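So the protein sequences, as listed, match chains A and B. For the first sequence, our numbering begins at 80 and goes up steadily by one. For the second sequence, our numbering begins at 237 and goes up steadily by one. Ideal Cβ positions, reconstructed from N, Cα and C, are used throughout, including at glycine. Quick caveat, the model's predicted, so the values are computed rather than measured. Written out below as structure tokens is the structure these notes cover.
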Amino acid sequence: MMRESGRFQCGLKSVSGALVFLEGGAGVSYGEMVEVIADGRVRPGRVLIAGRETVAIEVYEGTEGLSPSETRVRFLAHGLEVPVAEEMLGRTFDSFGRALDGGPEPLAREWRDVNGAAINPAMRAYPRDFLQTGISAIDGMNTLVRGQKLPIFSASGLPHNRLAAQIVRQAEVPGERAGFAVIFAIVGASRDVAEMFRRSVEESGALGRVAMFVNFADDPAVERLITPRTALTLAEHLAFDRAMHVLVVITDMTQYCEALREVASAKGEVPSRKGFPGYLYSDLASIYERAGRIRDREGSITQVPILTMPNDDITHPIPDLTGYITEGQIVLERELDRGDIYPPINVLPSLSRLMSDGIGQGRTRDDHAHLSNQLYSAYAYTRRIRMLAAIIGEEELSARDKMYLEFGRRFESEFVGQGAEENRSIEQTLDRGWEMLKLLPTADLTRVSEQEIAAHLK
Amino acid sequence: MAGELTISADGVRDAGRKPVGRTVWVSGPVVKAEVERAVFMGEQMEVGDERLIGEVIGVSGDQALLQVYEETEGLGPGRPVFSTGLPMFVTLGPGLVGSVFDGIQRPLYALEKAGPYISRGTKATPLDMEKRWHFAARKRTGEKIRAGEVLGVVQETSVIEHRVLVPPEVAGELASVAPEGDYTVGDVIATVRDEKTGKQTPLTMAHRWPVKRPRPYRNHLRPREPLVTGQRIFDLFFPLAKGGTAAIPGGFGTGKTVTQHQLSKWALADIIVFVGCGERGNEMAEVLLVFPELADPRTGRPLMEKTVLIGNTSNMPVAAREASIYTGITIAEYYRDMGYDVALMADSTSRWAEALREVSGRLEEMPAEEGFPAYLAARLAQFYERAGHVETLGGSNGSVTVIGAVSPAGGDFSEPVTQHTKRFTRCFWALDKDLAAARYFPAINYLESYSGYLDEVGEWWHREYGARWRDLRDEAMRLLQEDSRLQRIVRLIGEDALPDEQRLIIEGSRLLQEACLQQNANDPVDTFCAPEKQLALLGAVLHFVRRAEEIVKKGAPIHRVREMAVREEIVRAKEKIPNDKLELFKELTGRIDGEMDALYRDFRRVT
Ligand SMILES: Nc1ncnc2c1ncn2[C@@H]1O[C@H](COP(=O)(O)OP(=O)(O)OP(=O)(O)O)[C@@H](O)[C@H]1O
Ligand SMILES: [Mg+2]
């Protein structure tokens, strides 16, 4: 980011919120990076309005202490660029790709614009290859495929951090471990949580294939807008230049969106729903759409963004607009969490839209589609029976319905529920699914075929 | 105007070589420029040395306000601005079908040479300028010709005969016409002499048209025929007419895209224009994977041979997202003018409305509801008004049917885009979050949905299949409505507490939904249901309900009806009985009667 020399300009016209204004000129361009220099401190910034009379700059590390006459601005003549290199795996960086782990700065062969560029939709390859998380409720019921974006909708107090760490540790492309990398973008986390993530990855021995980008809760809000983009810029390099399968986990997108709101309101923009700017959808899309595959290239970018739903409200603009962009969602539920089920994934409102084309023979296993269908419908029925039982009492239920209640309990504790250290292969997940079906009358199993029953229910 | 509609030999959007002004201010897609020569509202411009495509959206004195359709990073004050002298236009001619364009009609496959990412300033002509098409004239030198007449034909794909039309606003005597042979779209294939002025206009197989101006036609006709979709919930219950309009509102994941893909695959339209407006790249990839392989139900040829795709995904420039809708509808009108029935899908019109909002915000206009500009309703109205069944300038009949997805914030239909869209469309296909969450597909809420074309298409059903359709439909709708009334009571006292006749209504409605309304888009047989099969299936369901009513009235216990073996068979019929084996429905009806009779005898013996 701070490589070449640039054009200097002395003095500001004014400072207002996160913005500074200065005299315009012909040399400046929209989106150009600048350095705002005052008191021997250098703060990065970006040109928001490139005008002949006036230039507006968004200052990333805040404008505190800037005095118009004492400030110099250096125009760098390029957008915000970050280093990319395979050697960045195993390391921890800040939002700008600067080392945070005490190690040397990355020796990048290349610097790339953090905003990337839109993949030509006609150049995309349709994602349909399995990515294993080792978590049954995901792999079995809402399968993630390489090139998909599948968010986790959580809420405050739920164990999404634990789940995020587990996915980062366990994720793999079965049989292709070598070309697999995880990039972990931590947005607005406390130092404790960030440290927890780092330790968990380190202890699992997976550190070598993980790069972390951390933006701490006390870093300026505007930097949060960069963290996921820096992470994705490295992901694009690894996936499409280095032929790796890259999983990008971003937590917490709610922090990201709140930063976007804060920055927008500091700029005096007209707000839309709940104070968020009208372009929240497009802005989120510019992150989420960076998942995918490209024709005739090996690698892939899969995204698992994690967000906390304010007030557990799924219609809140953050989960709502996310759901409109991503290919499904994994929903965590407070009630399961209270029942001590980890991970508390409710499979009913969860959905992986790319699952049906990504599973089956040669991808996961031939019985996968039918089995997950059967588990889904049995569990949906169980939840209805539970409501009925709450009204009329469990004793009043028919013997068949009681079997469903038992199925529901075991499904939640043994299929959905698993240890935070437990890593299940897809075979183990599917076999466990069949174990659960043994609790139900065989005649009810209409979603699986007779041959499958014969093969798996013995 | 007329002369400007013809395209130059290289087919590029050729702005002047000399700049007409310079930029003074850049912020995102909005650019201000000082111009020396007058420019007009809506004029297409090129900005900067990379010649980014833009449009004039405001003029005052020597200041022009531009909206730029490509990324503007790196653009600043003092850069040159070029004028084209033309409003934002598309190029229309052979080669559109089977193409994939971005919002400003750049062919996405041709952009491949610039790499997998869309880079700024990449230029490519909308139509292949080198490809030779076999042109056969239908008019002779010396003939009088009028705008919209068929000058000649080109086989565009194996199923689409491209009728090369005399462009609107051109008429006169044919001074020359090319002999049958192979020509590029830039070759002059005819010249027309204006009878009054004597001015000669050269014509090529392609011409340009301003996207925001509806293409003219002779007469607006009443929609008469249904657009058969092969989807029972639409054809039987909420039919759409050719030339009609439909809105599909629904929260995320409720099935808007799957529905629009289904309609693109199966609707009996001659041409499909699919506009992916601010949606997912992976969905475009899926279409591009599936459509070239999938056979059109009428012709058996790959679907791509009748499809034009426009893909401006959510991460592509927002201004071009706004343009994509106009590009799509103009192409649709162009094929309508050849006498075709065209169906246009827009997924999603909400993203288009948001693009308006975004640009309006940058201009610091006074917002109306929820930050949308006050002209939102007018823009929506103008868009849906371009649908219609018409008599073309050339005297044939053609239609544009428009089906717009709406993505309401929070799934709440009271928001402005849904509300305004409702005013300008005649079919309302409401998708329901709860149904989708219960994996009930298509998740169309049949109480909230409606069609304004029942009378129009009734005549067609009558003509094709006798009078039964409307009667069956009304009978089924009554059943559904009574059921929903009863469900309110059931929620309070439980189903078992109801008298048997009422439980039968609930039972009948449940069967109707399972056997007929539900339709899995992924089922190889049921993904497309022919109209005859739709009638047969609905007929069988209602026959079962009527017979059951009869014997329950006479005292047969309801649980015996529910447990009948034939009930399961009716539920499976949609996936078991293919469109070409409808005689099996006769047998099914026979078995319904058999089991009902047996139950009746059985129960009479007991009492
Ligand atoms: N008719 C159908 N048959 C089978 N499955 C369906 C059908 N309609 C929808 N689905 C299921 O619902 C999922 C979501 O549907 P779809 O992608 O069309 O939603 P959408 O309304 O377009 O959502 P968004 O607004 O987020 O784009 C699909 O992936 C599919 O699993
Ligand atoms: Mg969709």
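Ordered along the chain, which non-local residues of its own chain (more than five positions away) have a Cβ less than 6 Å from that of residue i?
{"i": "Gly512(A)", "result": "Gly219, Leu450 and Leu454"}
{"i": "Arg372(A)", "result": "Ala204, Pro206, Gly226 and Ser379"}
{"i": "Pro475(B)", "result": "Pro462, Ser687, Tyr689 and Val693"}
{"i": "Ala604(B)", "result": "Ala610"}
{"i": "Gly357(A)", "result": "Ser351"}
{"i": "Val426(A)", "result": "Ala216 and Met220"}
{"i": "Phe844(B)", "result": "Given that chain B is displayed from residue 237 to residue 843, the structure contains no residue 844(B) and the question cannot be resolved."}
So the candidates are the options; which of them puts its Cα closest to the Cα of residue i?
{"i": "Val283(B)", "options": "Arg253(B), Lys254(B), Gly264(B) and Arg315(B)", "result": "Arg315(B)"}
{"i": "Val554(B)", "options": "Lys658(B), Ala579(B) and Ile289(B)", "result": "Ile289(B)"}
{"i": "Val261(A)", "options": "Asp298(A), Val328(A) and Arg270(A)", "result": "Val328(A)"}
{"i": "Tyr228(B)", "options": "Ala582(B), Ser263(B), Arg714(B) and Ala346(B)", "result": "The displayed coordinates of chain B run from 237 to 843. Any statement about residue 228(B) would go beyond what the structure contains."}
{"i": "Glu514(A)", "options": "Asp320(A), Asp445(A), Lys537(A) and Arg503(A)", "result": "Lys537(A)"}
{"i": "Leu252(A)", "options": "Val266(A), Gly437(A) and Gly498(A)", "result": "Note on residue identity: the sequence assigns Val, not Leu, to residue 252(A). For Val252(A), the nearest C-alpha among the options comes from Gly437(A)."}
{"i": "Leu210(A)", "options": "Val325(A), Ala457(A) and Gly85(A)", "result": "Val325(A)"}
{"i": "Gly407(A)", "options": "Arg191(A), Gly213(A), Phe232(A) and Gln88(A)", "result": "Phe232(A)"}
{"i": "Trp502(B)", "options": "Phe780(B), Gly487(B), Leu539(B) and Thr427(B)", "result": "Leu539(B)"}
{"i": "Asp232(B)", "options": "Ala673(B), Gly434(B), Gly536(B) and Phe371(B)", "result": "Shown here, chain B extends from 237 to 843; a query on residue 232(B) therefore has no answer."}
{"i": "His398(B)", "options": "Pro255(B), Asp573(B), Gln303(B) and Gly647(B)", "result": "Asp573(B)"}
{"i": "Gly169(A)", "options": "Leu286(A), Glu140(A), Phe355(A) and Gly258(A)", "result": "Leu286(A)"}
{"i": "Ala776(B)", "options": "Glu522(B), Arg837(B), Lys822(B) and Asn758(B)", "result": "Lys822(B)"}
Which residues in the same chain have their Cβ closer than 7 Å to the Cβ of residue i, if we skip the five residues on either side of it in sequence?
{"i": "Ile532(A)", "result": "Thr521 and Leu524"}
{"i": "Met237(B)", "result": "Any answer about Met237(B) is weak, because its pLDDT of 38 lies below 50 and its placement is not dependable; what the coordinates show is given next. Result list for Met237(B): Glu405, in chain order."}
{"i": "Arg468(B)", "result": "Cys752, Leu753, Gln755, Cys765 and Gln770"}
Would residue i and residue j qualify as a contact pair, given that the criterion is a beta-carbon distance under 7 Å?
{"i": "Ala556(B)", "j": "Gly339(B)", "result": "yes"}
{"i": "Gly624(B)", "j": "Gly479(B)", "result": "yes"}
{"i": "Gly439(A)", "j": "Glu309(B)", "result": "no"}
{"i": "Val138(A)", "j": "Val107(A)", "result": "no"}
{"i": "Glu385(B)", "j": "Leu410(B)", "result": "no"}
{"i": "Lys353(A)", "j": "Pro398(A)", "result": "no"}
{"i": "Arg356(B)", "j": "Glu306(B)", "result": "yes"}
{"i": "Arg305(A)", "j": "Ser93(A)", "result": "Checking the displayed sequence, the identity of residue 305(A) turns out to be Ile instead of Arg. Result no, Cβ atoms of Ile305(A) and Ser93(A) do not sit closer than 7 Å."}
{"i": "Ala641(B)", "j": "Ala579(B)", "result": "no"}
{"i": "Pro185(A)", "j": "Pro162(A)", "result": "yes"}
{"i": "Phe172(A)", "j": "Phe319(A)", "result": "no"}
Is the CB of residue i under 7 Å away from at least one CB in chain C?
{"i": "Arg442(A)", "result": "No chain C is present in this structure, whose protein chains are A and B."}
Got a sec? Which residues, its chain only, sit under 8 Å from residue i by beta carbon, not counting five neighbours each side?
{"i": "Arg374(B)", "result": "Val386, Leu387, Gly388 and Val389"}
{"i": "Arg374(A)", "result": "Met202, Arg203 and Ala204"}
Ignoring anything shorter than 3 residues, give me the beta strand (DSSP E) runs that lie fully in the region 423-465 of chain A, in order along the chain. Segments of the beta strand (DSSP E) lying fully in the region 423-465 of chain A: 424-431.
With 9 Å as the limit, tell me which residues of the region 340-371 of chain A have their beta carbon closer than that to any beta carbon of chain B; keep them in chain order. Listed in sequence order: Glu348, Val349, Pro350, Ser351, Arg352, Pro356, Gly357, Tyr358, Tyr360, Ser361, Leu363, Ala364, Ser365, Ile366, Tyr367, Glu368, Arg369, Ala370 and Gly371.
Scan the region 749-768 of chain B for residues whose Cβ lies nearer than 8 Å to a Cβ of chain A and list them as they occur along the chain. Taking 8 Å as the upper bound on Cβ-Cβ separation, chain A lies near residues Asn758 of the region 749-768 of chain B.
According to a CB-to-CB cut-off of less than 7 Å, which residues of the region 592-616 of chain B neighbour chain A? In summary, the residues of the region 592-616 of chain B whose CB is separated from some CB of chain A by less than 7 Å are Arg593, Glu594, Gly597, Pro603, Glu606 and Gly607, in the order they occur in the chain.
Which complete beta strand (DSSP E) runs does the region 398-478 of chain B hold, if anything under 3 residues is left out? Segments of the beta strand (DSSP E) lying fully in the region 398-478 of chain B: 408-413, 417-419, 424-429, 436-440, 443-446 and 455-457.
Interface positions of the region 267-289 of chain B facing chain A (Cβ-Cβ less than 7 Å), listed along the chain: Correct list: empty, as no residue qualifies.
Proximal residues, the region 785-818 of chain B versus chain A, C-beta separation under 7 Å: Per Cβ criterion, the list is empty.
Name, going along the chain, the residues of the region 536-554 of chain B whose beta-carbon falls closer than 9 Å to a beta-carbon of chain A. The residues in question are Leu545, Gly547, Asn548, Thr549, Ser550, Asn551, Met552, Pro553 and Val554.
Ignoring anything shorter than 3 residues or poking outside the region 530-588 of chain B, list the beta strand (DSSP E) runs there in chain order. Fully enclosed beta strand (DSSP E) runs of 3 or longer: 543-548 and 577-583.
Please list the segments of the beta strand (DSSP E) lying wholly inside the region 107-139 of chain A, counting only runs of 3 or more residues, in order along the chain. Listed in chain order, they are 112-117, 120-130 and 133-138.
Any residues in the region 308-328 of chain B with a beta carbon nearer than 8 Å to a beta carbon of chain A? Which ones, in chain order? Near chain A, meaning a CB-to-CB distance below 8 Å, the residues of the region 308-328 of chain B are Thr308, Glu309, Gly310, Leu311, Gly312, Pro313 and Gly314.
Under 8 Å, CB to CB, which of the residues in the region 634-664 of chain B have a partner in chain A? Listed by position along the chain: Ser643, Ala645, Gly646, Gly647 and Asp648.
Could you run through the region 346-365 of chain B and flag, in chain order, every residue whose CB is less than 9 Å away from some CB of chain A? Within the region 346-365 of chain B, those residues whose Cβ lies closer than 9 Å to any Cβ of chain A are, in chain order, Leu347, Glu348, Ala350, Gly351, Pro352, Tyr353, Ile354, Ser355 and Arg356.
For the region 193-215 of chain A, list every residue whose C-beta sits within 8 Å of some C-beta in chain B, in sequence order. Close to chain B, meaning a Cβ-Cβ distance shorter than 8 Å, are the following residues of the region 193-215 of chain A: Asn194, Gly195, Ala196, Ala197, Ile198, Asn199, Pro200, Ala201, Met202, Arg203, Ala204, Tyr205 and Pro206.
What runs of the alpha helix (DSSP H), each 4 residues or longer, lie entirely inside the region 264-336 of chain A? If we require 4 residues or more, the alpha helix (DSSP H) runs fully inside the region 264-336 of chain A come out as 270-282, 300-303 and 306-315.
Entirely enclosed alpha helix (DSSP H) segments - the region 716-794 of chain B, minimum 4 residues: Fully enclosed alpha helix (DSSP H) runs of 4 or longer: 736-748 and 767-789.
In the region 107-124 of chain A, which residues sit with their C-beta less than 8 Å from some C-beta in chain B, listed in chain order? Answer set for the region 107-124 of chain A: Val107, Ser108, Tyr109, Gly110 and Glu111.
So within the region 470-528 of chain A, which uninterrupted alpha helix (DSSP H) runs reach at least 4 residues, ignoring any that extend past its ends? Taking only runs of at least 4 residues, the alpha helix (DSSP H) segments lying wholly in the region 470-528 of chain A are 478-489 and 505-516.
Anything in the region 403-425 of chain A with a Cβ closer than 9 Å to a Cβ of chain B? List those residues in chain order, please. Taking 9 Å as the Cβ-Cβ cut-off against chain B, the residues of the region 403-425 of chain A that qualify are Tyr403, Ile404, Thr405, Glu406, Gly407 and Gln408.
Taking beta-carbon pairs under 7 Å, can you tell me which members of the region 370-392 of chain A lie near chain B? Against chain B - using a Cβ distance shorter than 7 Å - the residues of the region 370-392 of chain A are Gly371 and Ile373.
In chain order, which continuous runs of the beta strand (DSSP E) of length 3 or greater are located wholly inside the region 355-392 of chain A? Runs found: 379-387.
Identify each residue in the region 481-496 of chain B for which the Cβ-Cβ distance to at least one residue of chain A is less than 7 Å, and report them in chain order. Across the region 481-496 of chain B, CB contacts with chain A closer than 7 Å involve Phe488 and Gly489, in sequence order along the chain.
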